[in-house]
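Visitor: Take this structure first; my questions come after.
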Amino acid sequence: MIPAELRSKLAAAVGVDAISEHAPRRLDGVDIDVTLRPSDGESLARSLMSLGAVGLSAVVLGGGNRVGVGNLPDREDLVWLSTERLSGVSEFDPDDGVCQVHAGTTLAQVRERVLPGGWELPLDASGAGATVGGVLAAAAVGPRALGFGRPRDLVLGLQVVLASGERTRCGGRVVKNVTGYDLNKLYTGSFGTLCVIESAWLRLRPRPEEIRVVEALDPELPGLAERCMAAARRFSVRAAVLVAASGATRLVLELAGDAASVARDAAWLEAQVGARPAAPDAVERAAAFASPETGGLRFRIDALPTRFADTWEALCSSSDRVVAYPGLGLLYAELSVESGDEDELHAVFQRAARVAGRAGGGFLCESAPAWAKRGRDVFGAGEANRRLARSLKQRFDPGGVLSPGRFAGCV
Amino acid sequence: MNPGAGRPPARPAPKKYNSPVMSTLIDALVSVVGEQACLRRPEELLVYECDGLTLHTGTPGVVVFPSCADHVVAIVKACREHGASFVPRGAGTGLSGGAVANEGSVVIECSRMNRILHVSPEDRCAVVEPGVINADISRAVVGHGLFYAPDPSSQFACTIGGNIAENAGGPHTLKYGTTTNHVLALDLVLPDGELVTLGSDTGWSAGYDLVGAVVGSEGTLGVVTKASVRLEEIPESVETLLVIFPDVVTACRTVGCIIGDGLVPAALEIVDKRTIAAVEASVYAAGLPTDAGAVLIVELDGPRHSLPPQVERVREIAGANGATRVAVARDDAERQRFWRARKGAFGAMGRLAPDLYVHDAVVPRSRLPEVLEKICAIGDRYGLKLSNVFHAGDGNLHPNISFDRRDSDELARVMAAGSEILETCVEAGGVISGEHGIGSEKRDFMSLLFSEGDLDAMRRLRASFDPDCVCNPGKIFPSTRFCVEANPKARGYDRVPLDA
Chain A
1151 MIPAELRSKL
1161 AAAVGVDAIS
1171 EHAPRRLDGV
1181 DIDVTLRPSD
1191 GESLARSLMS
1201 LGAVGLSAVV
1211 LGGGNRVGVG
1221 NLPDREDLVW
1231 LSTERLSGVS
1241 EFDPDDGVCQ
1251 VHAGTTLAQV
1261 RERVLPGGWE
1271 LPLDASGAGA
1281 TVGGVLAAAA
1291 VGPRALGFGR
1301 PRDLVLGLQV
1311 VLASGERTRC
1321 GGRVVKNVTG
1331 YDLNKLYTGS
1341 FGTLCVIESA
1351 WLRLRPRPEE
1361 IRVVEALDPE
1371 LPGLAERCMA
1381 AARRFSVRAA
1391 VLVAASGATR
1401 LVLELAGDAA
1411 SVARDAAWLE
1421 AQVGARPAAP
1431 DAVERAAAFA
1441 SPETGGLRFR
1451 IDALPTRFAD
1461 TWEALCSSSD
1471 RVVAYPGLGL
1481 LYAELSVESG
1491 DEDELHAVFQ
1501 RAARVAGRAG
1511 GGFLCESAPA
1521 WAKRGRDVFG
1531 AGEANRRLAR
1541 SLKQRFDPGG
1551 VLSPGRFAGC
1561 V
Chain B
835 MNPGAGRPPA
845 RPAPKKYNSP
855 VMSTLIDALV
865 SVVGEQACLR
875 RPEELLVYEC
885 DGLTLHTGTP
895 GVVVFPSCAD
905 HVVAIVKACR
915 EHGASFVPRG
925 AGTGLSGGAV
935 ANEGSVVIEC
945 SRMNRILHVS
955 PEDRCAVVEP
965 GVINADISRA
975 VVGHGLFYAP
985 DPSSQFACTI
995 GGNIAENAGG
1005 PHTLKYGTTT
1015 NHVLALDLVL
1025 PDGELVTLGS
1035 DTGWSAGYDL
1045 VGAVVGSEGT
1055 LGVVTKASVR
1065 LEEIPESVET
1075 LLVIFPDVVT
1085 ACRTVGCIIG
1095 DGLVPAALEI
1105 VDKRTIAAVE
1115 ASVYAAGLPT
1125 DAGAVLIVEL
1135 DGPRHSLPPQ
1145 VERVREIAGA
1155 NGATRVAVAR
1165 DDAERQRFWR
1175 ARKGAFGAMG
1185 RLAPDLYVHD
1195 AVVPRSRLPE
1205 VLEKICAIGD
1215 RYGLKLSNVF
1225 HAGDGNLHPN
1235 ISFDRRDSDE
1245 LARVMAAGSE
1255 ILETCVEAGG
1265 VISGEHGIGS
1275 EKRDFMSLLF
1285 SEGDLDAMRR
1295 LRASFDPDCV
1305 CNPGKIFPST
1315 RFCVEANPKA
1325 RGYDRVPLDA
């Protein structure tokens, strides 16, 4: 909690319109009861400058779906920095298929704006009220990343505010650009630890002629994972979700593209995995297993395609709930640990690291109670590159204003 | 009788360095790579004084050829111990002076690190050394039905290390993306000599996206010694169309309509009238009508059954925009002929003048027609031979100026026109490079686009990897202020007394 004197100083610095006190909202055991709500870029810059001057730190809050992802913060004198008032699509160019969006704009708002122009927003993250800024900061993906690509591939340019309060931009609005360093890539997925995203230029995708959702309930188990991989590689399949829960297995696929390709792939999927037409929201419902807001201890494992089947089986043998995105190589598993049982917790993290190692990838513990994070790096990051990460943090946020300690390597 | 007859002329003695620093550095480098892999005779160094942009030159102090990552580590450490800056280099086909040494720098030439180490067809991944030639990756994996998508015009000569440095593109990046979309992991020797692995073969990794930061950093953040690259499935079918237009502006409008219609071609390339004339008069002649104002090459790929409707749609759009003829390649030979007009363009320009300045800028696709008109007007106003061949689908312009550098007045006009072209593109919402990079060529144009604060954010990244500014100094950032002002220690590195 923040001492009253510092609250007053902060309020005086940012202006009473941009700050509110409220009932505590808990983050990893820290009660945060002050929220800054800048209304524009200047106000955001002033907020960050003021935080630095007063000596406080902030956790950036978008839709709030992924704000729990991260290590325990280094400090307890934290405030929320909400992007909710930084909202709106400031420019949409239907001829070029690009748009500029403020960070606090929800994905739904952007979709609503661009769809009538014949374009769709290729960001697909779960959670109600997910914002563009939050999705980019977390590099969050949903199953449609199979067809959409990852957030890093869709960002053309960013306007950001550094921890010092300096407003800077990188990239541009054009679809091809090698003018200077690609800071878009550095900032995307940095979980708000290097800067706060103010707005983004995004590349859109043409709206497909047809979208169809199919699913296979309890598909035959022999070779299931391999067949799912093959299904995910069909031309028009842009999302594939494989779910194992309570002894039942389900494969949901979304097909998109020209009508002929969709029909051809739907026929192939019916013949190969018994996939039948499903409700339009079947992908969301299936992927919801993987969203972090449901609580518990949840791991994300990334696997090479050749290790996907083994990884799937390994996780299914130790978890009641496994959700995977074949084709993307992402698998999510919920593992239960008795509260406070450090030995069991240690064993769970060890198992996750072992499975990830065999999968040829790494792991991220997306959701865990605060006690389980203590003394651990939930990103599964080893010592490798920690020096570079610290060097970056030191240069972009030397005062530790932005989520200190919460990112990979505890930077 | 001439006693020397029949023998090769005696090679001049290696350059003598009076500087004790350089002499001991040379000794250290020779001890790492051997005498034969350490060039330092003036005539040997001459080859490395420029890259594909011959207007910018800088003679290296020495050129070393590492064969493995251990060599690179030892070379970088030796440079650090002796206070020398160094420049990673691939095939030297870059077009922005990015691989050109500051006078006296050590060039680390990676062309001997040219092995394809591993191919995993099921994982859609290949692990290669930096000196592997771009096209050789696709050759190596074609049997698996795969290819490596980024295809710069120099793909039969340029190396993956250079492609990574410049984030190279090419005609097919419209659909498949540039190098940054195809690099999964990197081994990188940092400027202090530490070898690190960034990213992972799965494409996901904990922490900051350091692969994304390094790709396109023009060799200023370290020396790449290994790369895992993503492979794509060869499409089932390809259709290539050659569309003839009365003028280049109409061709540009057609490109906008194709994109706006929701089609996603693999490539959309425009060749203008002057380029057509040069190509048709050259060995690259493709049978194009020399009275055409411009040709547009449209390539569509995907499942066989999905392409005929797309071909028809392109025909309709082109016709509605005033195309005078649409030809669809009937077979692979004809497809290659169509592409010859595009890929042979730069070679054919050699017929127009002794020198060629290939510009590179990007504008929003919808602004192409007006920007192109302005660029042509700039060329006319300066009395220059300006032609255009470009990646229209990406809005990536390549205004080419043919000139003779021996004519100082013409050279001055070339440079002035180039500046105006870049300013015009930026005013239209564009940027000053789409695929060639900034290098030494455009560093002083960076302020057209970025504020001092924007550049300072980039400097923070640079300093995180290379606080002493020893790795390819003098690139990207305007003037020399970065190295000197931000890193006083760098003064020494930039001024090693090589020839004293």
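Protein chains in written order, with our numbering: chain A, 1151 to 1561; chain B, 835 to 1334.
Glycine included, every Cβ here is placed at the ideal spot set by N, Cα and C.
Please read these numbers as outputs of a predicted model, since none were measured by experiment.
Enumerated in chain order, which unbroken segments of the alpha helix (DSSP H) with a length of 4 residues or greater are wholly contained in the segment 1365 to 1433 of chain A?
Guide: Those alpha helix (DSSP H) runs which fall completely within the segment 1365 to 1433 of chain A and span 4+ residues are 1374 to 1382, 1409 to 1423.
Visitor: In whole angstroms, what is the alpha-carbon distance linking Leu1222(A) and Leu1186(A)?
Guide: Here residue 1222(A) refers to the residue found at position 72 when the first sequence is read from its first residue. Here residue 1186(A) refers to the residue found at position 36 when the first sequence is read from its first residue. Approximately 21 Å between the Cα atoms of the pair.
Visitor: Could you give the distance in angstroms between the alpha-carbon of Pro1548(A) and the alpha-carbon of Ala1040(B)?
Guide: Position 398 of the first sequence holds residue 1548(A). Position 206 of the second sequence holds residue 1040(B). Using only the alpha carbons, I get a separation of about 21 Å.
Visitor: For Gly1254(A), which residues from the same chain have a beta carbon less than 7 Å from its beta carbon, with the 5 sequence-adjacent residues on both sides left out?
Guide: By 1-based counting over the first sequence, the position of residue 1254(A) is 104. Cβ neighbours of Gly1254(A) beyond the five flanking positions: Gly1212, Thr1233, Glu1234, Arg1235, Leu1236, Ser1237, Thr1281, Gly1283.
Visitor: Under the three-state reduction of DSSP, which class applies to Asp1332(A): helix, strand or coil?
Guide: The sequence position of residue 1332(A) within the first sequence is 182, counting from 1. Coil.
Visitor: Give the residues of chain A in contact with Ile1310(B), contact being defined as C-beta atoms less than 7 Å apart.
Guide: In the second sequence, counting from the first residue as 1, residue 1310(B) sits at position 476. Under the 7 Å cutoff, chain A gives Gly1330.
Visitor: Would a check of beta-carbon distances place Tyr982(B) closer than 8 Å to chain A?
Guide: If you number the second sequence from 1, residue 982(B) lands on position 148. No, Tyr982(B) lies away from the interface with chain A (no Cβ there is under 8 Å from its Cβ).
Visitor: Quick check on the DSSP output: what are the complete beta strand (DSSP E) runs of length 3 or more inside the segment 1228 to 1260 of chain A, in order along the chain?
Guide: List check, beta strand (DSSP E) in window: 1228 to 1232, 1239 to 1243, 1248 to 1252.
Visitor: Where DSSP assigns a beta bridge to Val1472(A), which residues make up the other side?
Guide: Within the first sequence, numbered from 1, the residue matching residue 1472(A) stands at position 322. Answer is Ala1394(A), Ala1483(A), bridged to Val1472(A).
Visitor: Output the boundary residues of the alpha helix (DSSP H) element that contains Lys1208(B).
Guide: The residue given as residue 1208(B) occupies position 374 in the second sequence. Looking at the DSSP string, the run of the alpha helix (DSSP H) that includes Lys1208(B) is 1202 to 1215.
Visitor: Tell me, please, which residues DSSP counts as bridged to Thr993(B).
Guide: Looking up residue 993(B) in the second sequence gives position 159. DSSP lists Ile967(B) as partners of Thr993(B).
Visitor: In terms of residues, what are the limits of the alpha helix (DSSP H) holding Glu1492(A)?
Guide: Indexing the first sequence from 1 puts residue 1492(A) at position 342. That run of the alpha helix (DSSP H) goes 1492 to 1509.
Visitor: Helix, strand or coil, according to DSSP, for Asp1243(B) in the structure here?
Guide: Working through the second sequence from its first residue, we reach residue 1243(B) at position 409. Correct three-state label for Asp1243(B): helix.
Visitor: Along the segment 1524 to 1552 of chain A, what residues have a CB closer than 7 Å to any CB found in chain B?
Guide: Those would be Phe1529, Gly1530, Ala1531, Ala1534, Asn1535, Leu1538, Ala1539, Ser1541, Leu1542, Arg1545, Phe1546, in chain order.
Visitor: Who are Ile1078(B)'s beta bridge partners in DSSP?
Guide: Along the second sequence, one-based indexing puts residue 1078(B) at 244. Answer is Val1129(B), Arg1159(B).
Visitor: With Gly1178(B) and Tyr1118(B) assumed to form a contact (beta carbons below 8 Å), what rounded beta-carbon distance in angstroms separates them?
Guide: Numbered from its first residue, the second sequence carries residue 1178(B) at position 344. Numbered from its first residue, the second sequence carries residue 1118(B) at position 284. Yes, they are in contact, since the Cβ atoms of Gly1178(B) and Tyr1118(B) sit about 3 Å apart, within 8 Å.
Visitor: Within 8 Å (strictly less), CB to CB, does Pro1442(A) reach chain B?
Guide: As a first step, residue 1442(A) must be located in the first sequence, where it is residue number 292. Summary for Pro1442(A): the model assigns pLDDT 45, below 50, so the residue's position carries little reliability, and this model does not support an answer.
Visitor: Would you say Tyr1191(B) faces chain A, with C-beta separation under 8 Å as the test?
Guide: Mapped onto the second sequence, residue 1191(B) falls at position 357. It does not; no Cβ of chain A falls within 8 Å.
Visitor: Determine, using beta carbons only, whether Ala1154(A) comes closer than 8 Å to chain B.
Guide: Position 4 of the first sequence, counting from 1, holds the residue named residue 1154(A). For Ala1154(A), the answer is no, since every Cβ of chain B falls outside 8 Å of its Cβ.
Visitor: Identify whether Lys1543(A) lies in helix, strand or coil by the three-state DSSP scheme.
Guide: Position 393 of the first sequence holds residue 1543(A). Note: Lys1543(A) maps to helix in three-state DSSP.
Visitor: Among Gly1227(B), Arg1247(B), Val1057(B), Ser1281(B), which residue has its Cα nearest to the Cα of Met947(B)?
Guide: Your numbering for residue 947(B) matches position 113 in the second sequence. The candidate whose alpha carbon is nearest that of Met947(B) is Val1057(B).
Visitor: Determine the DSSP secondary structure at His1232(B), reduced to helix, strand or coil.
Guide: Counting from 1 along the second sequence, the entry for residue 1232(B) is found at position 398. Coil at His1232(B), not helix or strand.
Visitor: Can you give the beta carbon distance from Thr1338(A) to Asp1043(B), rounded, assuming they're within the 8 Å contact cut?
Guide: By one-based count along the first sequence, residue 1338(A) stands at place 188. By one-based count along the second sequence, residue 1043(B) stands at place 209. With a Cβ gap of about 7 Å, Thr1338(A) and Asp1043(B) count as contacting.
Visitor: Counting only Cβ-Cβ distances shorter than 7 Å, please list the residues of the segment 1365 to 1395 of chain A near chain B, keeping chain order.
Guide: Those residues of the segment 1365 to 1395 of chain A that come within reach of chain B (Cβ to Cβ, closer than 7 Å) are Phe1385.
Visitor: Once the 5 residues before and after Val1561(A) are set aside, which same chain residues still bring their CB inside 6 Å of it?
Guide: Taking the first sequence and counting its residues from 1, one reaches residue 1561(A) at position 411. Cβ within range, chain order: Ala1539, Arg1540, Lys1543.
Visitor: Does the beta-carbon of Thr1444(A) have 16 or more other beta-carbons within 10 angstroms, so that it is buried, or is it exposed?
Guide: For the purposes of this step, residue 1444(A) is identified with residue 294 of the first sequence, where counting begins at 1. With a pLDDT of 46 at Thr1444(A), under the threshold of 50, the modelled position of this residue cannot be trusted; read the value that follows with caution. Burial call: exposed.
Visitor: Taking all protein chains shown into account, decide if Val976(B) is buried (16 or more other Cβ within 10 angstroms of its Cβ) or exposed.
Guide: As a position in the second sequence, residue 976(B) is number 142, starting the count at 1. By the 10 Å Cβ count, Val976(B) comes out exposed.
Visitor: Hey, could you find the ends of the alpha helix (DSSP H) Arg1293(B) is sitting in?
Guide: If you number the second sequence from 1, residue 1293(B) lands on position 459. Per DSSP, Arg1293(B) belongs to the alpha helix (DSSP H) from 1286 to 1299.
Visitor: Scan the segment 1198 to 1221 of chain A for residues whose Cβ lies nearer than 9 Å to a Cβ of chain B and list them as they occur along the chain.
Guide: For the segment 1198 to 1221 of chain A, which is checked against every Cβ of chain B, not one residue is closer than 9 Å.
Visitor: List the residues of chain B that Ala1453(A) touches, going by C-beta distances under 8 Å, in chain order.
Guide: The count along the first sequence starts at 1 and reaches residue 1453(A) at position 303. Per Cβ cutoff of 8 Å: Thr1036.
Visitor: Who are the neighbours of Asp1030(B) on chain A, taking C-beta pairs under 8 Å?
Guide: The residue you call residue 1030(B) lines up with position 196 of the second sequence. In the sequence under discussion, the amino acid at residue 1030(B) is Val, which differs from the Asp named in the question. Near Val1030(B) (Cβ distances below 8 Å), the residues of chain A are Ala1534, Asn1535, Leu1538.
Visitor: Thinking Pro1430(A) and Asp1224(A) are a contact (beta carbons under 8 Å), I'd like their distance in whole angstroms, please.
Guide: Within the first sequence, the letter at position 280 stands for residue 1430(A). Within the first sequence, the letter at position 74 stands for residue 1224(A). Incorrect: roughly 44 Å between the Cβ atoms, too far for contact.
Visitor: For Val1093(A), I'd like the list of residues in its chain whose CB is within less than 6 Å of its CB, leaving aside the five on either flank, ordered along the chain.
Guide: Not covered by the structure: residue 1093(A). The range shown for chain A is 1151 to 1561.
Visitor: For Gln1106(B), which of helix, strand or coil comes out of DSSP?
Guide: Counted from its first residue, the second sequence places residue 1106(B) at position 272. Looking at the sequence shown, residue 1106(B) is not Gln but Asp. If DSSP states are grouped into helix, strand and coil, Asp1106(B) belongs with the strands.
Visitor: DSSP three-state call for Cys1560(A): helix, strand or coil?
Guide: For this step, residue 1560(A) is matched to residue 410 along the first sequence. It is helical.
Visitor: My understanding is that Val962(B) touches Ala1061(B), with C-beta atoms under 8 Å, so please give their C-beta distance in whole angstroms.
Guide: To locate residue 962(B), count along the second sequence from 1; it is residue 128. To locate residue 1061(B), count along the second sequence from 1; it is residue 227. Between Ala1061(B) and Val962(B) the Cβ distance is about 6 Å, and since that is below 8 Å, they are a contact.
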